[in-house]
Amino acid sequence: MGSVQEIRLAHGGGGRYTQQLIEKIFLPAFTNPQLDLLNDSAILDLPVSRIALTTDSYTVDPLFFPGGDIGRLAVCGTVNDLSVAGARPLFLSAGFILEEGFPLADLERIVESARAAAREAGVSIVTGDTKVIPHGKADKCFINTSGVGVVERDPPLESRVHEGDVLVINGFMGRHGMAVMTSRKELGFSSRIESDVAPLNHLTARMMKAAPGLHAMRDATRGGVAAVLNEMASQASLGVELTEEWLPVTEAVNGACEILGLDPLYIANEGVVVASVSADESETLLKAMKKDSRGRDSRVIGRVCREHPGRVVMRTQIGSHRIVDMLSGEQLPRIC
Amino acid sequence: MKYIDEYRQIEAVQQFIGLIHEVAGSRLMTFMEVCGTHTMAIARSGIRQLLPETLSLISGPGCPVCVTPNRLIDRAVALSRRRDVLLATFGDMMKVPGSTSSLDREHAAGRDVRVVASTLEALELARQNPSKNVVFIGVGFETTAPTVAASILEAENQGIDNYKVLSAHKVMPPAMRALCAGELNLDGFLCPGHVSTIIGSKPYVFLAREFQMPCVIAGFEPLDIVQAVFMLARQVRQDTPSVEIQYTRAVRPEGNPQALKIVDRVFEPCESEWRGIGIIPESGLRIRDVFAGRDAESISVDVEPFRETRGCLCGRVLQGLAVPPDCPLFGKACTPDEPIGPCMVSSEGSCAAYYKYQWQPA
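From first to last, the protein sequence lines stand for chains A and B.
For reference, each letter of the first sequence is one residue, going 0 to 335 in numbering that gives the first Met the number 0.
For reference, each letter of the second sequence is one residue, going 0 to 361 in numbering that gives the first Met the number 0.
Quick look at the structure:
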């Protein structure tokens, strides 16, 4: 784009600059038959009539963090929302809200990473939009993505969760939140925690195929695993019993959480799915999950019970028990 | 995890639990912890449920946010309304309700209130905003005071004249004296681990001597706490009140002389108001006159008339005279999402700990 190195207001104006942005950055990365037509809407042919539709906006700060960036996150987050609803994700839209002065080189990095994530998930970005906000009125770069997936079998739902179900998780908790938090410079923290941000659609497809008795699936994003389990418990009007010792937490995440006074159960993930499955299918399910690259560390973390309906109770490491409540507000570093 | 998992081993913890049952027998014992981190650690690991029914652990005024009175929050709110002030605070203070407002509300109304993770970050804000008075709200006990004192010395060194501190620092031993002299029937103190890394064990000696009160300085892992409770029960049983250090891997009897020196250079003791307890002599830290220019008390503001929250039992909870479920607001009108009292706001408050880890709806 010649000598222009950063986003100008004109890039959102609909004129030549906008055209250049689309042709030089977005089209080459996301190219596919629907997008290449550059029509106002993408026309999509779907194999079935039942679809899942979701949308999410991404405002992560910093934009680039260990293990990912906002581009990868914007694709994976929406793909995962479709996946845990039992849908097969196919098409995404992408809306970019950029601050005037945002470096084009950063935009290119973000777009490239979104492209790679879409390819990994096997989805196409078929329509998009760009807006530019005057300097100081927005923070660098926000992305909204919406996604369409097809629903080819009965979707797992919380209401199908049964007493006696086994709760399984596909990997380590808290990596995304701690990767982002420890990369914020004001904490002056150096760690090597990488975000787990990844598309889960291949894993969830495998799970649904392996275990028809899969009763519910949730991706444990904001609010962490604790939020997901509380939602399951309250929607099913059943209790959840966790075993602290079984919870998968890496040493690095555990250490950072100890220092900052945080609990990994409440930390956001972007590649973690929690599922409720009937006990007799749990072994088969785990075996299938472990075959997927996103499920190698799959394990059981607890069970669904009739006691304390709507509540999550955890057997602690020292042999006692406590409540695992929903997160209130944000987790904040300790002050004394 | 190395150096943590060792302190959470079920066998070791259970062994001390057994010893506690043996030593305490059926004798009624009440121990108080005066550190918010202990409060959270006890609730989080579920230690209470493992102890004899006759042995209670109650929480005292150990959460710095909780003991900060409305008056201080009102002053901070008033400061935030001045256009020439940028208010920097630790996150826990944001939602604490004052008489009619909170910093969270003022922030939403467009006042320049920033959450910082360290005093150095606040100092950096002062450097970047030379046209404003950057006021850091210094809330905390002996653990926090040295870092705030250091930030003031650093501001002096670097000539950052617009950095000020609203000091609401408190020190723990005078509050423990007030509790001993009050209506509470206590059998011992679980003394704060972090505070004691700074002040050492000597400042508690009067509790054992004057009040015959057993004291054990404890660490924060489950094994630390159960061992400390065992040591307290043993002191009660043997009638040998003294100050023992369980947390020997971090606490020395003399404390941290360097930190104490910095605090002493910047601050001097003063009387201070504790929510629920009232004014306690020598329990606060004010900025010494040589650093008067750093004291945000010198910025004149109209502070609204003081109003206490009605129906809230935080004051009694902080003195160990009530447990959170005793409060009619607890879990109903007052929850972590819509807190009424400070003990529900702070991540280290007793009400928050109860609500988060122990509360069962009727």
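Backbone N, C-alpha and C fix where the C-beta goes; we use that ideal spot for every residue, glycine too.
Bear in mind the structure is a predicted one, so any value in this text is a computation, not a measurement.
- Remark: fewer than three beta-carbon pairs, one from each stretch, lie closer than 8 Å, so the stretch 213-227 of chain B and the stretch 159-166 of chain B are not flagged as touching.
- Taking the beta carbon of GLN13 (chain B) as reference, the chain A residues within 8 Å of it are ILE317 and GLY318, listed in sequence order.
- Counting along the chain, THR17 (chain A) sits inside the alpha helix (DSSP H) bounded by residues 15-20.
- When DSSP assignments are scanned along the stretch 198-223 of chain B, the uninterrupted stretches of alpha helix (DSSP H) that are 4 or more residues long and fall wholly within it turn out to be 204-210.
- Chain B places a beta carbon closer than 8 Å to that of ASP324 (chain A), counting this residue as a contact.
- For ILE159 (chain B), no beta strand (DSSP E) segment is defined, and its DSSP state is neither H nor E.
- Listed in chain order, the alpha helix (DSSP H) elements of length 4 or more contained wholly in the stretch 230-282 of chain A are 250-259.
- Closer than 8 Å to the CB of GLN257 (chain B) there is not a single CB belonging to chain A.
- Taking CB atoms only, LEU49 (chain B) has a neighbour in chain A less than 8 Å away.
- Contact between ILE317 (chain A) and PRO247 (chain A) is absent: CB atoms are separated by about 19 Å, not below the 8 Å threshold.
- By the 16-neighbour rule on beta-carbons within 10 angstroms, LEU34 (chain A) is buried.
- Residue pairing by DSSP places HIS320 (chain A) opposite A:ARG314 in a beta bridge.
- Only buried fits ALA84 (chain A), as 16 or more other CB atoms lie within 10 angstroms of its CB.
- Following the DSSP letters along the chain, one finds ALA215 (chain A) inside the beta strand (DSSP E) bounded by residues 213-218.
- Ranking A:SER275, A:VAL147 and A:VAL252 by CA distance to the CA of GLY176 (chain A) puts A:VAL252 first.
- A direct Cα-to-Cα measurement between GLU105 (chain B) and VAL76 (chain B) gives close to 7 Å.
- With contacts defined by Cβ atoms closer than 8 Å, ALA255 (chain A) and ARG114 (chain A) do not form a contacting pair.
- For chain B, none of the residues of the stretch 134-146 of chain A brings a beta carbon within less than 7 Å of one of its beta carbons.
- If you compare the alpha carbons of B:GLY137, B:PRO145 and B:SER150 with that of GLU123 (chain B), the shortest gap goes to B:SER150.
- The count of Cβ pairs closer than 8 Å, one atom from the stretch 77-90 of chain B and one from the stretch 290-301 of chain B, reaches three, so the stretches are in contact.
- By the Cβ rule, the stretch 37-56 of chain B does not count as touching the stretch 194-212 of chain B, because fewer than three pairs are nearer than 8 Å.
- Per DSSP, the beta bridge partners of MET28 (chain B) are B:LEU54.
- For GLY45 (chain B), the closest Cβ of chain A is nearer than 8 Å.
- Contact with chain A is found for ARG7 (chain B), since one of that chain's Cβ atoms lies less than 8 Å from the residue's Cβ.
- Beta-bridge analysis with DSSP links TYR353 (chain B) to no other residue.
- By the neighbour-count definition (other C-beta atoms within 10 Å, threshold 16), ARG74 (chain B) is a buried residue.
- Shown here, ASN184 (chain B) sits in coil according to DSSP, grouped into three states, outside any helix or strand.
- By the beta-carbon neighbour count (other beta carbons within 10 angstroms, threshold 16), ASP80 (chain A) is buried.
- Of all residues in the stretch 179-206 of chain B, those with a C-beta nearer than 7 Å to a C-beta of chain A are HIS193, reading in chain order.
- For GLY176 (chain A), the nearest beta carbon of chain B is not closer than 8 Å to its own beta carbon.
- Between the C-alpha atoms of VAL194 (chain B) and GLY238 (chain A) there is a straight-line separation of about 39 Å.
- For ASP263 (chain B), the enclosing alpha helix (DSSP H) stretches over residues 256-265.
- In the three-state reduction of the DSSP assignment, THR247 (chain B) falls in the coil class.
- Annotation: the continuous alpha helix (DSSP H) that includes PRO32 (chain A) extends over 32-35.
- Burial is judged here by how many other beta carbons sit within 10 angstroms of a residue's own beta carbon; VAL224 (chain A) has at least 16 and is buried.
- ARG321 (chain A) reaches chain B at ALA42, ARG43, SER44, GLY45, TYR356 and GLN357, counting residues in chain order whose Cβ is nearer than 8 Å.
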